[in-house]
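**Student:**
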Amino acid sequence: YFTSHTVAFLDGEFIPAEQATVGAYAQSLHYGYAVFEGIRAYHTPAGTRIFKPREHFERFHYSCQAIGLPLSYSVEELTEISYRLLELNQLQDAYIRPLAFAGAPNMSLKCPPAGNLLMAVWDWGKYLGDQSLRLTISPYERPNPKAVPIEAKVAGHYANSIIASTEAKSRGFDEALLLDMHGNVAEGPGANFFFERDGELFTPPAGSILRGITRNTIIDLAREAGIRVTETFFRPEELRTATGAFMTGTAAEVVGVAAIDDLVFDTPFADTLGAALARRYTALVTGQAVPAEPV
Ligand code: PMP
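For UniProt numbering, add 1 to where a residue sits in the sequence shown, where the first one is 1.
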């Protein structure tokens with residue numbers, strides 16, 4: 002993530018990433034009480050461009066508000082800091098990680114009077130790789146939205162993600178697919194889920210998922226191409242009628258699903274709607290003309 006030359010932003014200053022540290026008594030460290038974002042910048046014909054910075058930094062603000070964590074930087078300031086960091090680190094394609102946290106020594110369960118801000122950038126390939134994934138339905142559910150604000154990107158929620166992902170890998174799968182508290186398919190540990198059937202797309206609605214910015218982008222790209230997208234609750238059994246599936250996320254981008262437990266899709270991912278949308282997504286984020294190919 003960093004070398005001795007990497008620059009990070011911490012509480013108002015651009016500093017060597019090696020010096021961006023927190024104390025062992027930080028409230029966020031003990032209670033998972035922090036908020037983060039995952040954003041990407043792409044090399045485009047017009048230079049380096051952050052994809053949908055407003056959407057990401059607005060969600061960052063929403064997440065902080067949802068848990069009462071103070072954040073004193075505007076969307077515009079956060080965008081400026083990101084571009085400056087990309088420049089200072091000479092990165093064209095990069096992942097951008099803002100983290101709002103409570104760094105003061107504090108063992109209480111009270112919201113802190115002030116927050117801290119770390120911004121880091123690094124070069125990161127597709128998070129789940131390029132190959133279609135073999136998923137497994139996780140024995141762990143996504144957190145109950147009545148227990149935590151599930152639409153906020155809160156650091157502590159990712160204990161659930163790490164546990165589910167690790168468990169899936171321990172059984173030889175690439176990644177987990179988690180259900181919600183009612184037994185409906187929700188999402189992956191760090192990506193949203195879509196399946197396709199008869200030329201249409203289906204994805205779980207808001208409620209027990211992080212409303213992904215990539216998910217929204219894919220829904221828009223699909224509708225522009227005349228593909229019907231339905232946001233609906235569905236059970237894992239319904240996937241038996243699917244002809245393909247994929248996951249979406251800023252870090253993962255669009256990645257195909259080859260199988261879910263013993264259900265193996267006959268159609269290779271490359272021949273699915275998901276693959277055509279993945280090509281459109283790449284064109285969009287890298288500032289190329291969106292392909293005219295019929296989807
Ligand atoms: N769900 C979860 C749990 C995630 O962590 C992410 C990654 N931020 C996503 C979905 C996808 O969201 P986005 O497309 O905004 O990156």
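Ideal Cβ placement from N, Cα and C applies to all residues, glycine included.
(1) If distances are taken between C-alpha atoms only, which option among Tyr63, Pro54 and Leu100 comes closest to Glu81?
(2) What does the alpha-carbon distance come out to for the pair Phe266 and Asn117?
(3) Could you pull out every residue in the same chain whose Cβ sits closer than 8 Å to the Cβ of Leu110, ignoring the five residues on either side in sequence?
(4) Going by the C-beta, is Leu87 closer than 7 Å to any heavy atom of the ligand PMP?
(5) Using a Cβ-Cβ cut-off of 6 Å (strictly less than) and excluding sequence neighbours within five positions of Arg143, which residues of its own chain qualify?
(6) If you reduce the DSSP assignment to three classes, tell me which class Tyr141 lands in.
(7) For Pro206, which of helix, strand or coil comes out of DSSP?
(8) Using only the alpha-carbon positions, how far apart do Ala95 and Asp124 sit?
(9) Contact defined as beta carbons within less than 8 Å: I believe Phe58 pairs with Leu87. What is the distance between those atoms, to the nearest angstrom?
(10) Less than 8 Å between the C-beta atoms of Ala165 and Ser139, yes or no?
(11) Is Thr249 near the ligand PMP, judged by its Cβ being under 7 Å from some heavy atom?
(12) Where does His44 fall in DSSP's three states?
(13) Taking the alpha carbon of Arg281 as the point to measure from, which residue in Val256, Arg198 and Leu30 has its own alpha carbon closest?
(14) Can you tell me the Cβ-Cβ gap for Leu92 and Phe37, rounded? I've got them flagged as a contact below 8 Å.
**Tutor:** So, to answer that:
(1) Pro54
(2) 46 Å
(3) Tyr32
(4) no
(5) Leu179, Asp181, Ala187 and Ser209
(6) strand
(7) coil
(8) 5 Å
(9) Not really, about 15 Å apart at Cβ, beyond 8 Å.
(10) yes
(11) yes
(12) strand
(13) Val256
(14) So it is not a contact: roughly 19 Å between Cβ atoms.
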